[in-house]
Each structure stands twice: as structure tokens, then as C-alpha cells.
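In the numbering used here, the protein residues as written are 10 to 496. Idealized CB from N, CA, C, for every residue including glycine. Below: one structure, written as C-alpha cells.
Written as C-alpha cells, this is what we have:
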């Protein structure tokens, strides 16, 4: 019996015949071209990926503010950006308008600028602009036009009418007021531009230059010394023009010197429309932001420490120095026996035309502008007027007695045996007193009641001391009660 598990007894299989491997079919030209295209596509994809990565990295790197300072002429602008309120905002976010297309366009322009820098064909002042769309983009100042009035250096300002309406026939941009490139400050408001627009070809407290466009009527009282105060509400109620006291606040006309055009334009054709102001402002202000002060001379709007001297300049054109004593009295200078001392009138910016508003024609036909107590009443109430009038009359009455006393002392010096040196000293002192007396009469103490009072008392005290030394009767005048001026 055959054992199936016995390998020796298992049936033998017939010998296996070798299997023939079929030869591959020959590739056609079409297959070769297809393979070449696949390899080229793979290689191109890899190269494109590498270029894309390099482009992305380059775009990221060139978008960083640090890249901007690669050109040495950008260093001052980079430093001003670092110290500005926009130091956390990248340069391209402001200088490129929103949108991928605008960003691509900005990158191309940047490459052109870089090529010019490398080839030394770029000027030292790079041209750059900040479009309104960048300022008003989401996440920045998109609500600025709806924010209403804001306070800037004590002035109420509203963005909507300035950006949404024509101003002086011109379309303004954000950078019309916010300077886009200013060394030392970046994107800050240049008040000089405000002054130029509001005061060009105008007058203080008229039209765009009206004081109340920017300033509120002060509510606090101003101490003028001697218990006298000034309230702006009183002057406003009586129709006193701000320019009566503050006419010195505008200096300059904002004209455009023709030679400034040549800084940017060196071709004759560029200057053909130089008198077309509408065209010039559209090109320079609306289409391309050019700082106003690159063309216009600056208009200054501030207090002038030499206000009183300027106020008398019109009179001096015909009457040189004719009113110098009055001007000195008003300013608190000119007395030899006391130091210079300003008072409330000077601090309050009072000038000659503030009080001299009564027009008279002299017998010779000369126009005279006189002052009167009616003018004083525009700013001072009844009690202050009584005090001022009493002081002025009392001080004026003392001058005759002072003059008589000077004469008595001079005679006593000449007759006394004082020695040459002491006699010369006293004579010089009397000459000084006499000069101060002449100054008080010519300067008219009403112009500065505090200074006139101090000088008059100094003369009385000095003469009294000399009279005691010479053992003669001193001044008999009784001066009004002392009124102190503010320091």
C-alpha cells in the first residue's frame, strides 16, 4: 500500500519547461516626447518652487523697514520713522495702497528706485508718497472722517470738511497737513501749512483767518496788576475786534519766489503755466504731494516779543522816533532811576492802535488818532477806570513839584561847601532826575501807570534824601496810594 506521506513514494511531476519572456515593444517617438515633457515639467516645477520661495523670502525681506535703510540717503527718514508714532507700522503699509496689484506695482517702482541708486542716477532726495487709501485702510484710521472734532494744540479740528470738501478751491489729502517725510518727525501735523492756508492773502480775524475758527473766547480773567483784571467776554460783548490787541500775530505773506521752481524744474516748457494757480495746485497738492513750504515762504502765527516796536513803525515812517518816549513808557523801559519793568499792558499785547482810535483832523489837515477814556472802557469796568484815572491825575500833578524841588536842590549844591567830587556826584544825580522828569512828561504815564508810578516815587525818594543831606525843604507832593504791578 502506498504511503502518501512518504516522499519516496510520491508521484513524480513531469519536467517543467522554461518560460520565454516576451521582449518589450519598441518606444515610439511620441512616448519619448511625452517623457521629455514630464521630466521638463518636474524640473520646471522644482525650479518654479525654488524661485517662488526665493521671491517670497525676498518680498518679505524687502518689505521690512530695515531694508529701506540699505540706501544711505534713507538713513534720516528711517531714524525719524523709528522715533515716530508709526514706528510699529511697516513702511510699505503706508507707501503702498491697499491691494495685491498696488503692492506689485510698488515693488516694481522700488526695483527701479534701487537700480537708480546702484547706478548713481537717483537724486539725494527720494520721491515717495502716502496715498489717502493707505491712511484710511481698515485697521488704521478708517474712522477718522467720522470721528468729529478733535483737539490739536488747544484748537478744535474736524477732518471731514478738510478732506471731503474743496478748501480754497483745492482738493486736500491727508499729507497736505501731515507731512509725509520730515526729518526729525514723521507723519506729523505741520502747523505752518495750516497758517499758510488760513492767512494767505487774508487778514487776521477775517474770513479763513477768523480767530474763532480755531480759538474759543478765553473764560479766565487776566490780572493786569493793581487789582485790575481783564475779561475777554466784556470786550466781545462791546464788539472789540481781536486785532485791536493781537494784530501782531501774523507775519509773512506766503509768496512763492520764482527761483524755487527751478529747484525741481529745469526745462523752459515746465514753466509755461507758472501763472495758472489752479493747475499748479492740482499737480502739486492733489496729484503729487509736494509740501506747501517747498514753494511758499512761511507765514508765522505767534506772539511777537517786539510787538510794541512794530506797532509804532507805521507812524515812524513819517515821524521817526516822534513817539519813542510813549513806546518806551508802554514797554516799561527808559527810566534811569529804576530798572526795566514790564506790566500787564505789555503782557496783554496792547499796542498803539488798540487805544488810539479817535480820528481828528488838525488845523493843518493832518490826520490824528487820539485816545480817550471811552477806548479804555471797552476793556475795563467802571471801578478799574476810576482807579486808573485817579492814579494818572495824581502822578501828573506831582511833576511840577518835583521840577521845583530839583531846582532848589541844584541851587543848594552850588552854594554848599561839599567839595568838588561830592558836588559833581550830586549834579550828575540831579541831571538823571531831570532826564527822568522829562521822560515822564513826554511818555505820559497813562501808557504804563505802574511803571510811571514807580519812577515818580523813585524821584520823590531820591530828592527827599538829597534835601535831608543839604538841610533844605523836600518835596511836598502827596502821591496817590501805591498800586503794584504784576512781576
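Length-filtered (3 minimum) beta strand (DSSP E) runs lying within the segment 137-188: Complete beta strand (DSSP E) runs here, min 3: 158-161, 164-167.
Cut-off 8 Å between Cβ atoms - residues of its own chain near residue 213, not counting five sequence neighbours on either side: Against the chain shown, residue 213 aligns to sequence position 204. Taking residue 213 as the centre and dropping the five residues before and after it, the same chain places the C-beta of 220, 251, 252, 255, 256, 258, 259 closer than 8 Å to its C-beta, in chain order.
Among 455, 462, 411, 457, nearest to residue 441 - alpha-carbon criterion: Here residue 441 corresponds to residue number 432 of the chain shown, with the count starting at 1. Nearest option by C-alpha distance: 411.
Closest Cα partner of residue 332 within the set 450, 202, 90, 239: The count along the chain shown starts at 1 and reaches residue 332 at position 323. It is 450.
Assumed close pair residue 367, residue 381 - CB separation to whole angstroms, cut-off 8 Å: Against the chain shown, residue 367 aligns to sequence position 358. Against the chain shown, residue 381 aligns to sequence position 372. At roughly 5 Å, the Cβ-Cβ gap stays under 8 Å, so residue 367 and residue 381 are in contact.
Where the alpha helix (DSSP H) containing residue 405 begins and where it ends: Numbered from its first residue, the chain shown carries residue 405 at position 396. That run of the alpha helix (DSSP H) goes 391-424.
Any alpha helix (DSSP H) of 4 or more consecutive residues that is wholly inside the segment 214-264: Counting only runs of 4 or more residues that sit fully inside the segment 214-264, the alpha helix (DSSP H) segments are 241-246, 252-255, in chain order.
Of the listed residues 432, 228, 232, nearest to residue 245 (C-alpha basis): The residue you call residue 245 lines up with position 236 of the chain shown. Nearest option by C-alpha distance: 228.
Beta-carbon proximity check, residue 455 vs residue 389, cutoff 8 Å: For the purposes of this step, residue 455 is identified with residue 446 of the chain shown, where counting begins at 1. For the purposes of this step, residue 389 is identified with residue 380 of the chain shown, where counting begins at 1. No. Outside cutoff.
Residues that residue 309 bridges to, as DSSP identifies them: Against the chain shown, residue 309 aligns to sequence position 300. For residue 309, the beta-bridge partners assigned by DSSP are 260.
Residue closest to residue 479, alpha-carbon to alpha-carbon, out of 432, 108, 466: One-based indexing of the chain shown puts residue 479 at position 470. Nearest to residue 479 by C-alpha distance, out of 432, 108, 466, is 432.
With 16 other Cβ atoms within 10 Å as the buried cut-off, status of residue 378: What you label residue 378 is simply residue 369 of the chain shown in a count that begins at 1. Flag for residue 378 reads exposed.
The segment 148-155 in contact with the segment 105-120 per 3-pair CB rule at 8 Å: Touching, no, given that fewer than three Cβ pairs across the two stretches are closer than 8 Å.
Sufficient close CB pairs (3 or more, under 8 Å) joining the segment 176-188 to the segment 282-294: Three or more beta-carbon pairs separated by less than 8 Å link the segment 176-188 to the segment 282-294, which places the two stretches in contact.
Simplified DSSP state of residue 272, which is helix, strand or coil: If you number the chain shown from 1, residue 272 lands on position 263. Note: residue 272 maps to helix in three-state DSSP.
Straight-line gap, residue 467 to residue 452 (C-alpha atoms, nearest Å): Looking up residue 467 in the chain shown gives position 458. Looking up residue 452 in the chain shown gives position 443. Residue 467 and residue 452: Cα-Cα distance of roughly 16 Å.
Alpha-carbon spacing of residue 240 relative to residue 230, whole angstroms: For this step, residue 240 is matched to residue 231 along the chain shown. For this step, residue 230 is matched to residue 221 along the chain shown. For residue 240 and residue 230, the distance between alpha carbons rounds to 5 Å.
Residue closest to residue 73, alpha-carbon to alpha-carbon, out of 457, 163, 104: Sequence index remark: in the chain shown, residue 73 carries index 64 (1-based). Cα-wise, what sits closest to residue 73 is 104.
Residue from 343, 339, 369 whose Cα sits closest to the Cα of residue 360: Against the chain shown, residue 360 aligns to sequence position 351. Considering only alpha carbons, the answer is 339.
Residue 486 classed as buried or exposed, judged by whether at least 16 other C-beta atoms fall within 10 angstroms: Here the question's residue 486 lines up with position 477 in the chain shown. For residue 486, the number of other beta carbons within 10 angstroms of its own is at least 16, and it is reported as buried.
Span separating the alpha-carbon of residue 483 from that of residue 335: The residue you call residue 483 lines up with position 474 of the chain shown. The residue you call residue 335 lines up with position 326 of the chain shown. Spanning the two alpha carbons is a distance of roughly 29 Å.
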